[in-house]
Amino acid sequence: MALDEDIRVLSGVSLFEGFTQEQLRLMAFGAETALLPAERRLYREDDEADSAYVVVSGSIVLCREDDAARTPIATAGPGAILGELALIADARRLTSAYAAADSAVLRLNRSMFRRILEEYPELAVNLHRRIASELQALVARIEALAPRFQG
Numbered sequence: 001m002a003l004d005e006d007i008r009v010l011s012g013v014s015l016f017e018g019f020t021q022e023q024l025r026l027m028a029f030g031a032e033t034a035l036l037p038a039e040r041r042l043y044r045e046d047d048e049a050d051s052a053y054v055v056v057s058g059s060i061v062l063c064r065e066d067d068a069a070r071t072p073i074a075t076a077g078p079g080a081i082l083g084e085l086a087l088i089a090d091a092r093r094l095t096s097a098y099a100a101a102d103s104a105v106l107r108l109n110r111s112m113f114r115r116i117l118e119e120y121p122e123l124a125v126n127l128h129r130r131i132a133s134e135l136q137a138l139v140a141r142i143e144a145l146a147p148r149f150q151g
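As structure tokens, this is what we get:
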């Protein structure tokens, strides 16, 4: 895939909102494109996660695996980012991921992402604020649901 196309794809990912064209270009330059035929595994549940993936085309099914049985949890289509926590912290995969159809993904590695944040500290501050805000919103949604689960 051409660099300009990778930049276009990355510019549509909410995590990269506020990134300049130059910052997106750096991310795209360090990204690797992977083509996955239908049913090919992208990653396995509980694997060490050192990268995130952006779905370029096709669709990726996130599922739990137990004794070779797959329980689908969600499907991610073009523009979705998978495993973004791996860009900023040591993490393990919470699900397995498979191509539901022939698909293409961009693999974004942690070291390149961290280099960009180090080179552009204002970007790191803005990203921190956004993550904190999203976490607060998630906690509020969980607290709103809590009464439903109390006996």
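FYI, the numbering used here numbers position 15 of the sequence shown as 15, with every residue one higher than the one before it. C-beta atoms are modelled at their ideal positions from N, C-alpha and C, and glycine is treated no differently.
C-alpha gap between residue i and residue j, whole angstroms
i	j	result
L85	L15	11 Å
S5	L135	A quick correction: the sequence has Glu, not Ser, at residue 5. Each residue's alpha carbon lies about 31 Å from the other.
L35	D102	8 Å
L123	R25	15 Å
P147	A140	13 Å
E17	F29	18 Å
A49	P121	24 Å
Q21	V55	20 Å
E143	I131	18 Å
A68	A38	17 Å
R8	A104	15 Å
Reduced DSSP secondary structure (H/G/I, E/B, other) of residue i
i	result
I157	Beyond the ends of the chain as shown, which are 1 and 151, falls residue 157; an answer cannot be given.
Q150	coil
E5	helix
V13	coil
L94	coil
Cβ pair residue i, residue j closer than 9 Å
i	j	result
L108	Y53	yes
L87	I60	no
A99	R44	no
S96	L127	no
S57	P72	no
Where residue i falls, given that 16 or more other Cβ within 10 Å makes a residue buried
i	result
L152	The structure shown does not extend to residue 152, since the chain spans only 1 to 151, so no value can be given for it.
T75	exposed
S133	exposed
L138	exposed
S111	exposed
G12	exposed
L94	exposed
A31	buried
The ligand ADP heavy atom lying under 8 Å from the CB of residue i
i	result
S51	Summarising the ligand content, the structure contains no ligands, and the ligand ADP is consequently not present.
key: Inside the segment 20-92 only - beta strand (DSSP E) runs reaching at least 3 residues   = If only uninterrupted beta strand (DSSP E) runs of at least 3 residues are considered, those enclosed by the segment 20-92 are 32-36, 41-43, 51-57, 60-66, 69-76.
request  = Please list the segments of the beta strand (DSSP E) lying wholly inside the segment 96-125, counting only runs of 3 or more residues, in order along the chain.
outcome  = The qualifying runs are 96-99, 103-109.
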